[in-house]
Amino acid sequence: MTNYESAKSVFAKYGIDTEKAIETLADIPVSLHCWQGDDVNGFDHEGPLTGGIQTTGHYLGKARNPEELMADLEKVISLVPGKKKINVHACYAIFEKGEHVDRDKIEPRHFKKWVDFAKKYGMGLDFNPTFFSHPMAKSGLTLSSPNKKVRDFWIAHGKACIKISEYFARETGIPCVMNIWTGDGLKDIPADRMTPRLRYKESIDEILSDYDKNLVKPCVESKVFGIGVESYTVGSAEFALSYAAQKGCLPLMDNGHYHPTEVVSDKIPALLCFFPEIALHVTRPVRWDSDHVVLFDDETKEIAKEIVRNDAINRVYIALDYFDASINRIAAWTVGARNMQKALLFALLQPNTKLKALQESGNYTELLVLQEEAKTLPFGEVWNEYLKRQNIPADNWFDIVKEYENTVLVNRK
Ligand code: RNT
Ligand code: ZN
0 MTNYESAKSV
10 FAKYGIDTEK
20 AIETLADIPV
30 SLHCWQGDDV
40 NGFDHEGPLT
50 GGIQTTGHYL
60 GKARNPEELM
70 ADLEKVISLV
80 PGKKKINVHA
90 CYAIFEKGEH
100 VDRDKIEPRH
110 FKKWVDFAKK
120 YGMGLDFNPT
130 FFSHPMAKSG
140 LTLSSPNKKV
150 RDFWIAHGKA
160 CIKISEYFAR
170 ETGIPCVMNI
180 WTGDGLKDIP
190 ADRMTPRLRY
200 KESIDEILSD
210 YDKNLVKPCV
220 ESKVFGIGVE
230 SYTVGSAEFA
240 LSYAAQKGCL
250 PLMDNGHYHP
260 TEVVSDKIPA
270 LLCFFPEIAL
280 HVTRPVRWDS
290 DHVVLFDDET
300 KEIAKEIVRN
310 DAINRVYIAL
320 DYFDASINRI
330 AAWTVGARNM
340 QKALLFALLQ
350 PNTKLKALQE
360 SGNYTELLVL
370 QEEAKTLPFG
380 EVWNEYLKRQ
390 NIPADNWFDI
400 VKEYENTVLV
410 NRK
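Per numbering that gives the first Met the number 0, residue 0 is the first one in the sequence shown, and the count goes up by one each step.
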């Protein structure tokens, strides 16, 4: 008997079908964020990363152009099991030599290379307007700015992004999740918290005034605060949630965007009572929205459990959102993406029906006992079997990354 076969029979005793878990997992899309490869830089500007977010670290080998970023992403794809999408930010537009187009004028053609990339792997694409790292975002306010010229510029950007999202969906045959996040906020105590929000609402209304619902799934992402905008965030949790509820778009929860004792895992089933579909940015906040690499930790597992045991696999769009520049970026990308897959597999391998029944019947002692027992079932053997079937290296994958670092990344000076 192989290790997997013996693990399979252990799980079977708990009423868990490992074959079904493996099969289900292979079909859950996880959107890989293109921005882990170059510290949220993109290709359309020189200046620093702004908008209240930050990357830290200077590890060698950051991708400097589309070719390098895509080559790195291909490495990651070869090391991560499961179904993937690629999440592209508007600042990753690819221009012809000598061409430069500002954000309000970008077109689908500037993203053709991303479409070709996605098609090569049979993947879908997700998209994000980039409302930061730009001269027009200098004041810290974009869609909520009191300056109409600034607002109009960013509305035009949002509309351009809708067109690009539709193009992505048409080309790949897979709907495109388009996420609206801005860092709009104030450093110090506001005198008026409402007027910027009213403008924000109107601006998003304009961006979403015309799009094909079958092709684009627009989301609004909330946040609690950003660096330099600590006192007030225009797109707060209540704002984003109310907007999405009233306007029929998707709320997007990033688990780095809440107060430290709030957990997104608990918010998922709350929103699922009301929204047909929701979206996630999975990250790891350490003391703040630090965007550390996603771990196979309790909260990531809990998030996965809420998706799986509420039968919400087709209602929750999972995307990764973290950026670590202090370690090998390809390893960082791979670790986080593999951990999301692990968390989903772990959730699929829980005795979920039995646990629910114990809760419903008020059998809390046995519930606790079984929850704890389930933690040490031979999960690793099923994970290894899944990797084998997906043709993905198990424990030696870091050697491959090391080799790539020594032969490719070192030459990027
Ligand atoms: C920032 C948000 C946002 C960004 C990306 C790059 O706090 O999480 O989603 O990380 O758009
Ligand atoms: Zn996010």
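Backbone N, C-alpha and C define an ideal beta-carbon position, used for all residues, glycine too.
query	result
Leu367 (DSSP reduced to helix, strand or coil)	helix
Three-way DSSP call (helix, strand, coil) for Asn362 in this model	coil
Distance, Ala168 Cα to Asp211 Cα	10 angstroms
Backbone CA spacing between Asn40 and Leu48 [nearest angstrom]	7 angstroms
Run of the alpha helix (DSSP H) containing Glu229, from where it starts to where it stops	No alpha helix (DSSP H) holds Glu229; DSSP gives it neither H nor E.
Same chain, Cβ closer than 6 angstroms to Glu276, neighbours up to 5 away in sequence not counted	Leu249, Arg314
Unbroken alpha helix (DSSP H) run spanning Asn338, endpoints	328-347
Near the ligand RNT: Glu220 beta-carbon under 7 angstroms from a heavy atom	yes
Sheet register partners of Lys84 (DSSP bridge)	Ser30, Gly123
Contact belief for Val29 with Ile317 at Cβ below 8 angstroms, rounded distance in angstroms	5 angstroms
Contact between the segment 101-121 and the segment 84-91 (3+ Cβ pairs under 8 angstroms)	yes
For Val292: DSSP bridge partner residues	Val292 is not bridged to any residue.
Pro134 versus Asp191: straight-line alpha-carbon distance, rounded	24 angstroms
For Lys415, three-class secondary structure by DSSP	The structure shown does not extend to residue 415, since the chain is modelled only from 0 to 412, so the question has no answer here.
Bridge-paired residues (DSSP) for Lys412	None, per the DSSP bridge assignment.
Endpoints, beta strand (DSSP E) assigned at Cys175	175-179
Span separating the alpha-carbon of Ser202 from that of Val223	20 angstroms
Proximity winner among Glu305, Leu376, His57, relative to Leu270 (alpha-carbon distances)	Glu305
Beta-carbon gap between Lys186 and Gly234 smaller than 8 angstroms	no
Simplified DSSP state of Ala6, which is helix, strand or coil	helix
Given Arg102 as reference, the closest of Asp398, Ser77, Ile163, Tyr199 once Cα atoms are compared	Ile163
Stretch-stretch touch, CB-based, cutoff 8 angstroms, three pairs: the segment 93-100 with the segment 135-152	no
Buried versus exposed call for Tyr363 [16 or more other C-beta atoms within 10 Å across all chains shown]	exposed
Three-pair Cβ contact test at 8 angstroms for the segment 344-364 versus the segment 394-403	no
For Lys216, three-class secondary structure by DSSP	strand
Three-way DSSP call (helix, strand, coil) for Tyr316 in this model	strand
Any non-hydrogen atom of the ligand ZN closer than 7 angstroms to Gln180 Cβ	The question names Gln, yet the displayed sequence has Trp at residue 180. Trp180 Cβ: within cutoff of the ligand ZN.
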